[in-house]
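In the numbering used here, the protein residues as written are -1 to 597. Single-structure report; data block below.
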């Protein structure tokens, strides 16, 4: 009897920039496999493994394909067994031990299908071959047609905004995705139970040999958690295509709305237009001191990226190394200082970012600078797009409309803005950097400056103001309101976690630790002034500032003129961050305010 396996099924995105000119099944497959071969050829010989190249396998003559085009590729990877080194000085005549692993990728197209879609499934590590070419919309479109939305098992999302780059949720029992869960999330991995209508479909009867619930999984691929044979796999792909061809029901559309707050953009001309726009903004930042570049930097494999020990940026013969993950501005500032800094968007497009890890090559990431950029961009026709994990998205109109109305409502009720009667202590912000602005307060009474001083990785505040009766202001300072507002709001939320938990639990050791850190640090250029300020308190007096006063968490920012109409704020990321932070602070029963301090 033939062996059965669970099959992760991908649909090839034929609109991919490397595939869009291919017109036949064989042309698409050849281009995908050529891309893998070119990747191998770029790998230094010293890092290649025995059997690294894929080899196409000949199909059996008696295989029943029923009108399908099928091509199968295989490679066997041979690695030294780690026990070799362990025993080499212990025993005699130890033969060379090796581990052999096998990778498969199978391409399939239904010749009778009207749209000539190309699918594939993989085994071993072959998903790396297809991952860049996978149609990300395919698994979600299937998911909403298959699942019971009240029975979500696991869900992992990439966050457009908020404290997290990504979230993983594992539920003890049945769970449904709420509007709050979905707001601003791009879903990367969802496992859920199939609904009863699917189980009742006679075309799937071979899958349901027991009465147990059957789950399916949507990542870049779609997978039913059931083992099937090769010919059953072909039948399954045909059935999936049939299911995708029908219109969504009203209930399915509601589920899709939760999973697709953002619409993925597949048009190559539009993607090229956005890429040129973003790289032009980067070039302007390099050449013009007044320009801004407001993009996060992160790899698609964000877990490996954040766990890396070194971040290496390569431009022509130049190499920049960072020991913590750099921002877009950090990278461009290094390029700006070169005598031969980039002069074209094409030169920027060729910049590479690699990570290094002591855990080995499988724990590293690589890609172009553009592959790593995440943020919001507006085109000349006022269309707004979001670049996340190398994919381009456009928010659904009602998502942005609801968020904007909520933001304006909160502004109009003075729920978010600090009243001007309480703001006279803050200095107007001229044409200086964030760091320079913070240091203006070193000579101001009733202020503590703690910019770039971190308590176990958390910057608790940039400024602390304690000059009003019964109030203290815990301040984060930000130049502008854009994608970088994410960082400031994240710091405010982290700060509230430290301070509010310490006060509410009656465990003030974190605040005492902060006092000692501020009193002794020499890691900032202004440390002598900071130590002078801290000598005006005892440790208990510092703790009591937080314990005995109303605590107001303040986002102090410079945005156009200080009377600028914030209801016209362009950055959707900034608006979402501000609203999310205000809601988060309510959980702590803490007050969050904003103040524009532009001169």
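Here a beta-carbon is modelled for each residue, glycine too, at the ideal position from N, C-alpha and C.
May I ask which residues mark the beginning and end of the beta strand (DSSP E) holding residue i?
i	result
residue 214	213 to 216
residue 374	371 to 376
residue 465	461 to 466
residue 447	445 to 447
residue 69	66 to 78
residue 352	350 to 354
residue 598	There is simply no residue 598 to check, as the chain begins at -1 and stops at 597 in what is shown.
residue 358	Run containing residue 358: none; DSSP gives neither H nor E here.
residue 53	53 to 55
CA-CA distance, residue i and residue j?
i	j	result
residue 376	residue 391	12 Å
residue 162	residue 219	Confidence at residue 162 is low in this model, with a pLDDT of 49, below 50, so its placement is unreliable and no value can be given for it.
residue 478	residue 265	32 Å
residue 119	residue 103	6 Å
residue 269	residue 576	29 Å
residue 322	residue 455	12 Å
residue 509	residue 488	19 Å
residue 164	residue 536	Note that residue 164 has pLDDT 48, beneath the 50 cutoff, so the model's placement of it is unreliable and the number below is only indicative. Taking the straight line joining both Cα atoms gives about 41 Å.
residue 229	residue 146	27 Å
residue 568	residue 25	44 Å
residue 14	residue 335	35 Å
residue 483	residue 579	11 Å
residue 143	residue 126	27 Å
residue 224	residue 3	8 Å
residue 463	residue 443	9 Å
residue 386	residue 452	28 Å
residue 41	residue 424	55 Å
residue 251	residue 514	56 Å
residue 105	residue 117	6 Å
residue 191	residue 211	6 Å
residue 401	residue 407	10 Å
For the candidate residues the options, whose alpha-carbon lies nearest to that of residue i?
i	options	result
residue 290	516, 557, 542	557
residue 587	148, 502, 76	502
residue 97	464, 346, 106, 79	79
residue 446	343, 539, 459	459
residue 548	380, 494, 524	494
residue 343	9, 457, 367, 320	367
residue 349	370, 357, 362, 337	370
residue 310	320, 347, 19	320
residue 641	471, 231, 596	Shown here, the chain extends from -1 to 597; a query on residue 641 therefore has no answer.
residue 21	54, 153, 107, 56	107
residue 257	424, 134, 540	134
residue 55	72, 496, 244, 64	72
residue 16	124, 189, 30	30
residue 271	541, 9, 246, 384	384
residue 115	70, 66, 88	66
Just reading off the alpha helix (DSSP H) that residue i is part of, what are its end residues?
i	result
residue 237	228 to 243
residue 25	23 to 40
residue 343	343 to 347
residue 269	266 to 285
residue 291	Note, residue 291: premise wrong, no alpha helix (DSSP H); not H, not E.
Take the Cβ of residue i as the centre, count every other Cβ of all protein chains shown within 10 Å, and call the residue buried at 16 or more, exposed below.
i	result
residue 467	exposed
residue 186	buried
residue 326	buried
residue 237	exposed
residue 85	exposed
residue 34	buried
residue 360	exposed
residue 427	buried
residue 643	Since the first residue shown for the chain is -1 and the last is 597, residue 643 is missing from the structure and cannot be characterised.
residue -1	Here the model assigns residue -1 a pLDDT of 44, short of 50, so the residue's position is not dependable and the matter cannot be decided.
residue 18	exposed
residue 286	exposed
residue 481	buried
residue 333	buried
residue 372	buried
residue 448	buried
residue 585	exposed
residue 314	exposed
Give a yes or no on whether 9 Å exceeds the smallest Cβ distance from residue i to chain B.
i	result
residue 271	This model lacks chain B altogether; it includes just one protein chain.
My parser needs the beta strand (DSSP E) runs of 3 or more residues fully inside the region 395 to 439; what are they? none
Check: Taking only runs of the beta strand (DSSP E) that begin and end inside the region 115 to 144, which ones reach a length of at least 3 residues, in chain order?
Finding: 116 to 121
Q. Which runs of the beta strand (DSSP E), 3 residues or longer, sit entirely within the region 297 to 336?
A. 308 to 313, 316 to 320
> In chain order, which beta strand (DSSP E) runs of at least 3 residues are fully inside the region 568 to 596?
Replying inline: 589 to 594
*Within the region 503 to 530, note down every full alpha helix (DSSP H) run reaching 4 residues or more, in order along the chain.*
507 to 518
Taking only runs of the alpha helix (DSSP H) that begin and end inside the region 469 to 509, which ones reach a length of at least 4 residues, in chain order?
483 to 503
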